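Here the structure is laid out as structure tokens; the discussion comes afterwards.
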Amino acid sequence: MSFKFRIGAKLTSMFLVLCILPTVILGFYAYRQTFRGLQLGELEKHNILLEGIVSNTRTTLTDTEFLLKNLATNSSFNQTLKMYNQGESIDNTIPLKETNNMLRKIYVDSMGYYESVFLVGLDGNIIADSLGRTEYSLGVTDLSFVKEAMNKKSF
Numbered sequence: 003m004s005f006k007f008r009i010g011a012k013l014t015s016m017f018l019v020l021c022i023l024p025t026v027i028l029g030f031y032a033y034r035q036t037f038r039g040l041q042l043g044e045l046e047k048h049n050i051l052l053e054g055i056v057s058n059t060r061t062t063l064t065d066t067e068f069l070l071k072n073l074a075t076n077s078s079f080n081q082t083l084k085m086y087n088q089g090e091s092i093d094n095t096i097p098l099k100e101t102n103n104m105l106r107k108i109y110v111d112s113m114g115y116y117e118s119v120f121l122v123g124l125d126g127n128i129i130a131d132s133l134g135r136t137e138y139s140l141g142v143t144d145l146s147f148v149k150e151a152m153n154k155k156s157f
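Residue numbers (the numbering used here): 3 to 157.
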């Protein structure tokens, strides 16, 4: 069975098969490869950003932990905390100011990672904070998990 076509139809069909069809196929292939490459590039960029955030957070927490350990060895801090938790009034404001300054240093060294750094007494009230305020309450003692933590003396 033989099909009879004119020479123009044969040339047109050959043109379509040899030129346009490979161009379309290669175009789709190139588009998919480019799109996939862009997606992988975006994913890699986000992973790099997340690694930086995790690294900075770990560094900040490690530095803060170090500063808090240093704070625990400071006599002004220990004196202030002991007096407050024993219910005595803090008449000598020098240790309290030193404690506030040390908390301020922790806050500044955190590069704005924390909104504020503060110390809480056993009664749930704030003893001192990095903003220089002393002896005030946030009303956290009304929260059930805080009451539980105060009873256990741990979280």
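Glycine is no exception: its CB is placed at the ideal position from the N, C-alpha and C atoms. The structure presented is a predicted model; accordingly, all values stated were derived computationally and were not measured.
Item to check | First and last residue of the uninterrupted beta strand (DSSP E) at valine 122 | outcome: Counting from 1 along the sequence shown, the entry for residue 122 is found at position 120. Looking at the DSSP string, the run of the beta strand (DSSP E) that includes valine 122 is 120–122.
Next on the checklist: When you compare the CB of lysine 6 with every CB in chain B, is at least one pair closer than 8 Å?
Outcome noted: The chain inventory of the structure shown lacks chain B, comprising one protein chain alone.
Checklist entry - When we look at the beta-carbon of threonine 14 and count the other beta-carbons within 10 Å, is it buried (16 or more) or exposed? => result As a first step, residue 14 is located in the sequence shown; it is residue number 12 there, counting from the start. Classification for threonine 14: exposed.
Checklist entry - With C-beta atoms as the reference, is leucine 69 less than 8 Å away from isoleucine 108? => result Here residue 69 refers to the residue found at position 67 of the sequence shown. Here residue 108 refers to the residue found at position 106 of the sequence shown. Taking 8 Å as the Cβ cut-off, leucine 69 and isoleucine 108 qualify as a contacting pair.
Next on the checklist: Just to check my reading of the structure: phenylalanine 120 and aspartate 131 have Cβ atoms closer than 8 Å, yes? What is that Cβ distance to the nearest angstrom?
Outcome noted: The residue labelled residue 120 in the question sits at position 118 within the sequence shown. The residue labelled residue 131 in the question sits at position 129 within the sequence shown. With a Cβ gap of about 4 Å, phenylalanine 120 and aspartate 131 count as contacting.
Item to check | Start-to-end residues for the alpha helix (DSSP H) that takes in isoleucine 50 | outcome: Taking the sequence shown and counting its residues from 1, one reaches residue 50 at position 48. Per DSSP, isoleucine 50 belongs to the alpha helix (DSSP H) from 23–74.
Checklist entry - Quick one, are the C-beta atoms of isoleucine 128 and leucine 83 less than 8 Å apart? => result Within the sequence shown, residue 128 is the residue found at index 126, counting from 1. Within the sequence shown, residue 83 is the residue found at index 81, counting from 1. No; because the gap between Cβ atoms is not below 8 Å, this pair is not in contact.
Checklist entry - Any idea what DSSP makes of asparagine 131, helix, strand or coil? => result Position 129 of the sequence shown, counting from 1, holds the residue named residue 131. Correcting the residue identity first, residue 131 is aspartate in this sequence and not asparagine. Residue state, collapsed to three classes: strand.
Item to check | Unbroken alpha helix (DSSP H) run spanning leucine 83, endpoints | outcome: Start at 1 with the first residue of the sequence shown, and residue 83 comes out as number 81. Its alpha helix (DSSP H) spans residues 77–87.
Next on the checklist: Please state whether the Cβ-Cβ distance between serine 78 and threonine 101 is less than 8 Å.
Outcome noted: Within the sequence shown, residue 78 is the residue found at index 76, counting from 1. Within the sequence shown, residue 101 is the residue found at index 99, counting from 1. Going by C-beta atoms, serine 78 is nearer than 8 Å to threonine 101.
Item to check | Range covered by the alpha helix (DSSP H) that runs through valine 110 | outcome: Reading the sequence shown from its first residue, position 108 is the one you call residue 110. Residues 95–111.
Item to check | Straight-line Cα distance separating leucine 23 from glutamine 35 | outcome: Here residue 35 is taken as the residue at index 33 of the sequence shown, counted from 1. Here residue 23 is taken as the residue at index 21 of the sequence shown, counted from 1. The alpha-carbon atoms of glutamine 35 and leucine 23 are separated by roughly 18 Å.
Checklist entry - How is the alpha helix (DSSP H) around leucine 13 delimited, first residue to last? => result Counting from one through the sequence shown, the residue named residue 13 turns up at place 11. That run of the alpha helix (DSSP H) goes 9–17.
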